[in-house]
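S.K.: Whatever position you read off the sequence shown (first residue = 1), add 2 for UniProt numbering.
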Amino acid sequence: KKLMIIDTDCGIDDAQAIMMALAAPNIHILGVTCVFGNTTVDNVCQNVLRVLSVCERNGIPVFRGSAGPLVGAGNSPTDHFGSDGLGDVIKEKDPCWEEKIQKEHAVSAMIRLVSENQNQVSLVALGPLTNLALAVRLDPHFPQKLREVYIMGGNMEGKGNVTLCAEFNFAMDPESAYIVLEEFLCPTYLASWEYACRNALTWEFLEELVNQDAPAARFMRMITSKCWAYSREAMMTKRDVHFGPGFVSYDSYAMAACIDRSVVTESIECPVRVELQGSIARGMLALDRTNQLKKSHSVFVLTKCDTAKFSELLKESLRQPCKK
Ligand code: BDR
Ligand code: CA
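1) Candidates ASP90, PRO97, THR132 and ILE282: which alpha carbon is nearest VAL164's?
2) Among residues of its own chain, excluding the 5 on either side of VAL73, which ones have a beta-carbon nearer than 6 Å to its beta-carbon?
3) Quick one, are the C-beta atoms of PHE38 and SER68 less than 8 Å apart?
4) Please name the residue or residues paired with SER124 in a DSSP beta bridge.
5) Quick one: which unbroken beta strand (DSSP E) runs of 3-plus residues sit fully inside the segment 245 to 303? Chain order, please.
6) Check whether the segment 87 to 94 touches the segment 42 to 55, counting contact only when three or more Cβ pairs, one atom from each stretch, lie closer than 8 Å.
7) For the alpha helix (DSSP H) holding VAL182, just list the boundary residues, first then last.
8) Relative to the C-alpha of PHE144, which residue among ILE92, LEU115 and CYS167 is closest?
9) Consider the C-beta atom of TRP99 and the heavy atoms of ligand 1; say whether any pair is separated by less than 7 Å.
10) Indicate whether at least one CB of chain C lies closer than 8 Å to the CB of LYS296.
11) How close, in whole Å, do the beta carbons of ASP11 and ASN40 come, if the pair is a contact with beta carbons under 8 Å?
12) Runs of 3 residues minimum, wholly inside the segment 18 to 94: which ones carry the beta strand (DSSP E) assignment?
13) Once you ignore the five residues that flank ASN213 on each side, which residues in its own chain have a CB closer than 8 Å to its CB?
14) Less than 7 Å separating the Cβ of ASP81 from some heavy atom of ligand 1?
15) Measuring alpha carbon to alpha carbon, tell me which residue in HIS107, ASN121 and SER254 is nearest LEU136.
16) Among LEU166, LYS147 and VAL182, whose alpha-carbon lies nearest the alpha-carbon of MET286?
17) LEU295: buried (16+ other C-beta within 10 angstroms of its C-beta) or exposed?
18) Between GLY70 and ligand 2, is the CB less than 7 Å from at least one heavy atom?
19) Based on DSSP bridge pairs, tell me the residues matched to THR190.
Written out as structure tokens, the structure reads:
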């Protein structure tokens, strides 16, 4: 089995991606590390606990990580998936959630788990990259001990979703995205904003997905009810660029690629860099296809997805709890 650590800012698409990993027979999750992003890091921790509980996988350790970016006062979390990150539909909160979070900090846990399982861990990063950047600062050998890293974030055509040129996860902490893409010299796979949008699914598929008869599907149906209705309408009226052209479960694209590489049918291998300056391009990912940066390390920027296989992974993930 592939050993996996999931780093997440658990919004609705993160929840879907986590469920995908929980359902995959070839994946063993060592832990879930939390970071701010879609909502506060405390809400993220609670959201992850809830997802694990719906899938009856409470034994997986959850770690609290960074509450804000490396530099600056920090951007305020979006309310893209509601203020709680899961569509603002869950009324009862677990009063004991803090006791269920591990005492160890997410960054320490990442370093420890990867050191204990050298060259075996796949790290899947679904939120701002703050925890990953801190890990390489605390342990400069951290990236070379990883098997690989999959990142949902950045762009490949200079299109942003929160700003003109920057995608949300990179825009929330550009310095961390920069550090990771300069210093993680392990095999790196990037599922950008445009990759997700280019491989969008249909609204009919979303209905089929969440109408399956299982607890995970019912949970997804509940948390997506408001959010995707808004998204669908926003897309029709072109009111909000943060949503893709159709049903786009952003983080699931990075997760699917890690679970089954054959889901990716085309990618570009080239060096990349995150822009840290500028008034409109801060946080943008630049692809260096003509080797102007003279970097020796390249990453795989995913471009085409087998949407039939991808859809099957999504469907399977909502038939939980499943026997492992
Ligand atoms: C990314 O931003 C977050 O809102 C999503 O969870 C995803 O990780 C998409 O730009
Ligand atoms: Ca996310």
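Glycine residues also receive a C-beta, built at the ideal position from the N, C-alpha and C atoms. Remember, predicted model here, so these are calculated numbers, not experimental data.
M.R.: Let's see:
1) On the sequence shown, residue 164 is found 162 positions in, with the first residue counted as 1. Distances from the CA of VAL164 to each of ASP90, PRO97, THR132 and ILE282 were compared; the closest alpha carbon is that of ILE282.
2) Start at 1 with the first residue of the sequence shown, and residue 73 comes out as number 71. Only residues of its own chain outside the window of five on either side were considered, and among them GLU177 have a CB closer than 6 Å to the CB of VAL73, listed in chain order.
3) As a working note, residue 38 is residue 36 in the sequence shown. As a working note, residue 68 is residue 66 in the sequence shown. The beta carbons of PHE38 and SER68 sit closer together than 8 Å.
4) Your numbering for residue 124 matches position 122 in the sequence shown. Beta-bridge pairing links SER124 to MET6 and GLU150.
5) You should have 266 to 272, 274 to 276 and 287 to 289.
6) They touch, by the three-pair rule.
7) The sequence position of residue 182 within the sequence shown is 180, counting from 1. Bounds of the alpha helix (DSSP H) holding VAL182 are 176 to 185.
8) Translated into positions along the sequence shown, residue 144 becomes position 142. Checking every option, the nearest Cα to that of PHE144 belongs to LEU115.
9) Within the sequence shown, residue 99 is the residue found at index 97, counting from 1. Not under cutoff, so the answer is no.
10) Considering every chain present, this structure includes no chain C. It has just one protein chain.
11) Position 9 of the sequence shown, counting from 1, holds the residue named residue 11. Position 38 of the sequence shown, counting from 1, holds the residue named residue 40. Right, their Cβ atoms sit about 5 Å apart.
12) Secondary structure remark: continuous beta strand (DSSP E) runs of at least 3 residues inside the segment 18 to 94, in chain order: 29 to 36.
13) Position 211 of the sequence shown, counted from the start, is the residue given in the question as residue 213. The residues are ALA219 and ARG223.
14) Your numbering for residue 81 matches position 79 in the sequence shown. Checking the Cβ of ASP81 against ligand 1 gives no.
15) As a working note, residue 136 is residue 134 in the sequence shown. When only C-alpha atoms are compared, the closest one is HIS107.
16) Translated into positions along the sequence shown, residue 286 becomes position 284. Nearest C-alpha to MET286: LEU166.
17) By 1-based counting over the sequence shown, the position of residue 295 is 293. Here LEU295 is exposed, its C-beta having fewer than 16 other C-beta atoms within 10 Å.
18) Within the sequence shown, residue 70 is the residue found at index 68, counting from 1. GLY70: no, Cβ never under 7 Å from ligand 2.
19) As a working note, residue 190 is residue 188 in the sequence shown. Looking at the DSSP assignment, THR190 forms a beta bridge with VAL151.
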